[in-house]
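Peer 1: In the working numbering, the protein residues as written are 4 to 327. Cβ coordinates follow ideal geometry from the N, Cα and C atoms, glycine included.
1) Buried or exposed: residue 120, going by 16 or more other Cβ atoms within 10 Å of its Cβ?
2) Since residue 225 is in the alpha helix (DSSP H), which residue starts that stretch and which ends it?
3) What are the partner residues of residue 241, as DSSP defines its beta bridges?
4) Which word fits residue 180, buried or exposed, when buried means at least 16 other C-beta atoms lie within 10 angstroms of its C-beta?
5) Given a cut-off of 7 Å on the beta-carbon distance, is the pair residue 149 and residue 132 in contact?
6) What does a CB cutoff of less than 8 Å around residue 164 pick up in its chain, not counting 5 residues either side in sequence?
7) Since residue 272 is in the beta strand (DSSP E), which residue starts that stretch and which ends it?
8) Report the rounded CA-to-CA distance for residue 282 versus residue 177, giving the unit in angstroms.
9) Looking at the structure shown, is residue 69 part of a helix, part of a strand, or coil, going by DSSP?
10) Mind checking whether the beta-carbon of residue 261 lies closer than 6 Å to any heavy atom of the ligand SAH?
11) By DSSP, does residue 307 sit in helix, in strand, or in coil?
12) Apart from the five residues just before and just after residue 185, which ones in its own chain have a Cβ nearer than 6 Å to its Cβ?
13) Once you ignore the five residues that flank residue 286 on each side, which residues in its own chain have a CB closer than 6 Å to its CB?
14) For the alpha helix (DSSP H) that residue 297 lies in, which residues bound it at each end?
15) Do you know whose CA, among 167, 266, 140, 275, lies nearest residue 160's CA?
16) Output the boundary residues of the alpha helix (DSSP H) element that contains residue 83.
17) Take residue 232 as the anchor and find which of 288, 174, 194, 201 has the nearest alpha-carbon.
18) Let me check understanding here. Comparing Cα to Cα, which of 129, 100, 68 lies closest to residue 45?
19) On the three-state DSSP scale, how would you describe residue 191?
20) My guess is that residue 301 and residue 189 are in contact by the Cβ rule of under 8 Å, so how many angstroms apart are they, rounded?
The structure is reproduced here in structure tokens:
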């Protein structure tokens, strides 16, 4: 009987020890697999990054607070690049879906087989490197850190990390947000306070009643907004306008804001639309819907039709006061 009691007691102790060991191991694994930042780096120090797939790549670097597409030396969209960095910073580890090097290619996170590779730099040194692979679900990706065999599922889409310049290009590069004067093919206007007036020499109390007519503020504001909202599509690397062709249209505008003045050349060539600005020796492609509200405007489009309104002496005096 004593032997039976001894063996039963021993068996109970062994069971208790196993239970404690399993519980400790479970808690240890839980601690090890608690969500942690995927990359523990100083994100404020990141001053350049590269994004690659097996065929293409883009390198973006910060210069004086502006993200730049280094190869083309063109501004990238600060909003887009900063959003990507914020999304990468939010990525955390969890329970790994795989932990062996043999699984890297299966999840497409191997060094020679990946969907995206993102490298983050500071002063030319790599701060972190991530391999993004196939997608387990909507807006999700498998990811692996360089030097780590563990593979995790994270909430980020590789479509938000395209490895070419075009998605990162600042399409508002040529926009003028605070135009103060606009000189077009047959008009020359400037902003005086909150209204637009003709930009012409010498005061006259009859300015509002000249052959130029009276500016329609709504129409001028529409032109001003078109310049503020001007977006381009891409660099037209191989484009050279055929000025000898009767089908080629060129419209020149001089636009100034409080700090700068630029000359724009809007070109329509073989049904396609382009723009070049004096501070950049490049043509950019643009949509017809953006081109027309700027390049097609003439003075007749900016003034009231005589049947709509007649300019009074008082209105002319008001405008003259604003010009002085």
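Peer 2: Walking through what the data contain:
1) buried
2) 220-231
3) Paired residue(s): none; residue 241 is not in a bridge.
4) exposed
5) yes
6) 54, 87, 119, 121, 135
7) 264-272
8) 10 Å
9) strand
10) Ligands are entirely absent from the displayed structure, and the ligand SAH is therefore not among its contents.
11) coil
12) 192, 258
13) 239, 242, 277, 279
14) 291-298
15) 140
16) 81-92
17) 174
18) 129
19) strand
20) 6 Å
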